[in-house]
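J.:
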Amino acid sequence: MILEAKHISFRYGTDSRQILNDFSLKLTCEERVGLIAPSGSGKTTFCKILAGYEKPDEGEVLLDGRPLSEYKGYCPVQMIWQHPEQVVNPRLCMKEVLAEGDHLEQRIAEGLGIETDWLNRYPAELSGGELQRFCIARALGERTRFVLADEISTMLDLITQSQIWSFLIQEVEKRGIGLLAVSHSTPLLKQVCTRVEDLE
Amino acid sequence: MDKKKVILEIKNLSISFQQYDKGFGRTELDVIRDLNVTVHEGEMVAVVGSSGSGKSLLAHGILGILPYNGVIGGTILYDGGELTRKRKEQLRGNEIVLVPQSVAFLDPLMKIGPQIRKGKKDPESKEKLNRIFESYHLKQEVQELYPFELSGGMNRRVLVSTAMMGNPRLVIADEPTPGLHMKMVRRVMSHFRELADRGAGVLLITHDLEQALEVADRVAVFYAGTTVEDADVSDFAREETLRHPYSRALWRALPQNGFQFIGGTQPYVKDLPEGCPFGPRCEQFCEACRGEIPYRELRGGKVRCLCAE
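So the protein sequences, as listed, match chains E and A. The first sequence: position 143 = 143 (my numbering), numbered continuously. Adding 200 to a residue's 1-based position in the second sequence gives its number in my numbering.
Here it is in structure tokens:
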């Protein structure tokens, strides 16, 4: 499959700053693409548009040539966010958080080091690193074709960062999922990606 | 050359919390044990540990702002004398300043400018604040705003400005830069560095080893509530110069050093193993590691490991 952003322009509201201006990017599901850009240049916004959370003012997002908005039901493009504590419902226990996503194979939770004991806890009872493992698992449902990883390991310690990425790389390779990784760290993206786009 | 004066010395610090269990049961939760850190004048020491491991409590312990159920043990020496509760109250905000982790530490009902100046209205303070704001790209109008009107990144810069306002002798910075972009991180870090170069001691508490290596003089590696190694920043240039197996594992996990990882996770304080907390993940684990592990001097640094040589 091919995920393509064509000539995307975007600003929040009408009188705020132009965040994206005629930006295009194309990736296939065999690729792991890294995106480096200065902060405030709209990397997160771009991910949100690619995953269908925001509509661009101009331009379009195509999945295999068809606009992403035409795909009904589970969205094949899933985003993993920078701050896991802000994207889980604090009133759901972790088992229910996982169930929000698509059907999940048991080995994914295992591969990410999610312990059975954690499933009955609430988000406030887990550390940021533990929560992020759940968020990654939630995005790796059966029908996921593309994963957008927006600074997913900045708050993790180095060992956890390396553990999580090695699992993620292995998983997307095995299932033919395309990956877009956004980070400020060039050495990290060089390790993770097959191609790195520098927007600076 | 004279050895620089020690400004802060923390010996065998422990912090524990009393928690109520089911019924009338009470448990003591030791979040920090046997923590040792020394900061000299003009030196920047980074305490590096993973998030959620209780590093912030170290800062709160030094300043005496732990929650009511927190109990502190061990000794903290400041400028040669014991840092008693009374001294903490006198010194904090003046000689000892904290750059807190969260913007929730700002007073929501006080405008930014007066809040940082602590109500001082003399032209000198005002002038100083203007200059600080300028260097952080904060508009002067921001002084007239309340904390809720600022973005996360702006609030963060305001917090850092509070430390630059006085003439502190000890700065404790608790994760001062998350949510800032790299350029601003560098700028903030260079200001801490400058404070150190002017003679203050800086204790930087962070999860970001790479960032610490860029600015600090020494790094204390924090694992499962304790310091496992105290090393010069230059020791991190190669794996062999590091002392503790955990520090070496951290080194190998850096993307530029191979991006390798070890299995397992840091143990939660409630289920710490006996003896060495790193034991279950360590290749060199042996029977003796189940016992007491002393924090000892080694090659100019310190290490809490029996096998390190």
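A virtual CB, placed ideally from N, CA and C, is assigned to each residue, including glycine. Here the structure is a predicted model, which means the values were calculated and not measured.
(1) Let me make sure I understand the geometry here. Which of A:M389, A:R398, A:Y278 has the alpha-carbon closest to that of R357 of chain A?
(2) Take L266 of chain A as the anchor and find which of A:G249, A:V231, A:V239 has the nearest alpha-carbon.
(3) For K255 of chain A, decide whether its Cβ has a neighbour in chain E, counting only Cβ atoms nearer than 9 Å.
(4) Taking the straight line between their C-alpha atoms, what separation do you get for G401 of chain A and Q411 of chain A?
(5) Where does T194 of chain E land, buried or exposed, given buried means 16+ other C-beta within 10 angstroms?
(6) Closer than 9 Å, CB to CB, is H103 of chain E near chain A or not?
(7) By the three-class DSSP mapping on this structure, what secondary structure does R481 of chain A have?
(8) Buried or exposed: which applies to H337 of chain A, given that a residue is buried once 16 or more other Cβ atoms fall within 10 Å of its Cβ?
(9) How would you list, in chain order, the residues of chain A whose beta-carbon sits under 7 Å from the beta-carbon of M94 of chain E?
(10) So, at 6 Å on beta carbons, what are the nonlocal neighbours of V385 of chain A in its own chain, with the 5 sequence-adjacent residues on each side left out?
(11) How far does the alpha helix (DSSP H) with K502 of chain A in it reach, from first residue to last?
(12) Given this structure, state the Cα-to-Cα distance separating K480 of chain A from Y495 of chain A, to the nearest angstrom.
(13) Closest Cβ-Cβ distance between W81 of chain E and chain A: below 9 Å?
(14) Could you pull the start and end residues of the beta strand (DSSP E) that S9 of chain E belongs to?
(15) Leaving out five residues on either side along the sequence, give the residues of the same chain with a beta carbon under 8 Å from the beta carbon of L380 of chain A.
(16) Which residues bound the beta strand (DSSP E) around D397 of chain A?
(17) Can you name the residues that DSSP bridges to L168 of chain E?
(18) Could you tell me if A449 of chain A is buried or exposed, where buried requires 16 or more neighbouring beta carbons within 10 angstroms of its beta carbon?
(19) Select from E:F146, E:N21, E:V147, E:I152 the residue whose C-alpha is nearest the C-alpha of G128 of chain E.
(20) CB V428 of chain A to CB T362 of chain A, shorter than 9 Å?
(21) Using the rule of at least 16 other Cβ atoms within 10 Å of the residue's Cβ for burial, across every protein chain shown, is A124 of chain E buried or exposed?
T.: In terms of the structure at hand:
(1) Nearest option by C-alpha distance: A:M389.
(2) With distances taken between Cα atoms, L266 of chain A lies closest to A:V231.
(3) Chain E contact via Cβ: absent.
(4) Straight-line Cα distance between these residues: approximately 18 Å.
(5) T194 of chain E sits exposed, since fewer than 16 C-beta atoms from the chains shown fall within 10 Å of its C-beta.
(6) By this cut-off, H103 of chain E is not an interface position.
(7) Correct three-state label for R481 of chain A: helix.
(8) Exposed is the label assigned to H337 of chain A, since fewer than 16 other Cβ atoms lie within 10 Å of its Cβ.
(9) What M94 of chain E touches in chain A: nothing, since even the nearest Cβ is about 15 Å away.
(10) If we look at V385 of chain A and ignore the five residues flanking it on each side, its Cβ neighbours are T377.
(11) Looking at the DSSP string, K502 of chain A is not in any alpha helix (DSSP H); the run it does join, the beta strand (DSSP E), is 501-503.
(12) A small fix is needed here, since residue 480 of chain A is Pro in this sequence, not Lys. Between P480 of chain A and Y495 of chain A, the alpha-carbon positions lie close to 19 Å from each other.
(13) Using a CB distance cut-off of 9 Å, W81 of chain E does not count as an interface residue toward chain A.
(14) Counting along the chain, the beta strand (DSSP E) containing S9 of chain E begins and ends at 2-11.
(15) For L380 of chain A, where only same-chain residues beyond five positions count, the Cβ hits under 8 Å are G353, R356, R357, V388.
(16) Secondary structure note for D397 of chain A: it is in no beta strand (DSSP E), and the uninterrupted alpha helix (DSSP H) holding it is 382-397.
(17) None; L168 of chain E has no bridge partner.
(18) By the neighbour-count rule (16 or more Cβ atoms within 10 Å), A449 of chain A is buried.
(19) Of the candidates E:F146, E:N21, E:V147, E:I152, the one whose C-alpha sits nearest the C-alpha of G128 of chain E is E:I152.
(20) Here V428 of chain A is not near T362 of chain A, since their CB atoms are 9 Å or more apart.
(21) It counts as exposed.
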